[in-house]
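The block underneath contains the structure these notes are about, expressed in structure tokens.
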Amino acid sequence: ILTFLCIFLWFFSSAVFCGQLNTRIVGGQVAPDGSWPWQVSLQRSGSHFCGGSLINSQWVLTAAHCFRTTPAGLTVNLGLQSLQGSNPNAESRTVTQIIKHPNYNSGTNDNDICLLQLSSPVNFTSYISPVCLAASDSTFYSGVNSWVTGWGNTGEGVSLPSPQNLMEVEVPVVGNRQCNCNYGVGTITDNMICAGLSAGGKDSCQGDSGGPMVSKENGRWIQAGIVSFGTGCARPNLPGVYARVSQYQTWINTPLQPPPLKQPPPLKLPPLLQTRPLKQPLPL
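Take the sequence shown: its letters are residues -18 to -1, 1 to 266, numbered as in mature numbering (1 follows the signal peptide of the UniProt record, and there is no 0).
Here it is in structure tokens:
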């Protein structure tokens, strides 16, 4: 019973606390401390290379293209505000399992999604907590505002300046039909979602890969996309392209299920004791 209760609480806590923020975003480029508590930095030997999002106490969602090879010295860093200097709310974990989508296609960027299992669970705080994931029947209409966060370049070939604070940008969703026109018919599949301005100027860029694209719904933040690819950064009529999270609910949830409860081995009872028949009373 205790084991079942622990498993129930593990799922319940992630569902209840997902998508909640310590502070409210009102604009700007540098994200206020604790604004996006699910944002993680994936680092190899201490250097940032991709983003990701915490989806429960022991799993992170990111892009498959971040793991074309397995990086040495891989760590997941949570609760970070900047890549340099002091981060008193930060925690770090190693990774015990990397699960890339089996149908990821590096040529077309289709199914660009990956799960990372942390070496040990993290405790949720105001600076570390999970994001909610878009349900399989979610619809994100063209023009809906979304936010993208990360420590990537601030322009094509322009590195994030010191102290490399977490950045945020607000961009509207672009419908897949329009996005296909922008990139060439057939490039954008149903497993993708696009966001950006027709005039350009706002976008994710190199180093943001694997990070979350989120929208606010009914007071909670829902992850709609994972930073995947694009032509350049913030170019006119070339929005950023993201893996569409709602397409992968079943795939995401399968490894997240806790292992089935082990049934105790059957009790081995000793052989029944042979009882002697009751003596009949002597006749009176």
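C-beta atoms are modelled at their ideal positions from N, C-alpha and C, and glycine is treated no differently. Please read these numbers as outputs of a predicted model, since none were measured by experiment.
Using the three-state DSSP reduction, which class does Ile95 fall into: helix, strand or coil?
coil
For Ser128, write down the residues that DSSP places opposite it in a beta bridge.
In the DSSP output, where bridge partners are listed per residue, Ser128 has Val153.
Which residues does DSSP list as the beta-bridge partners of Cys114?
According to DSSP, which records beta bridges pairwise, Cys114 is partnered with Ile204.
Determine the extent of the alpha helix (DSSP H) in which Pro237 is found, giving its start and end residues.
Residues Gln231 to Leu238.
Alpha-carbon to alpha-carbon, Arg202 and Leu98:
23 Å
Would Ala117 and Ser228 be called neighbours here (beta carbons separated by less than 8 Å)?
yes
Just verifying my parser: in three-state terms, what is the DSSP assignment at Cys161?
helix
Suppose you measure from the CA of Asn164 to the CA of Ile37; what does that come to, to the nearest Å?
32 Å
Helix, strand or coil for Ser(-6) per DSSP?
Caution is warranted here: a pLDDT of 48 is assigned to Ser(-6), below 50, making its placement in the model unreliable, and no coordinate value can be reported.
8 Å Cβ cutoff met for Asn59 and Val113:
Between Asn59 and Val113, the gap from beta carbon to beta carbon reaches 8 Å or more.
Proximity winner among Gly89, Ala72 and Cys96, relative to His83 (alpha-carbon distances)
Cys96
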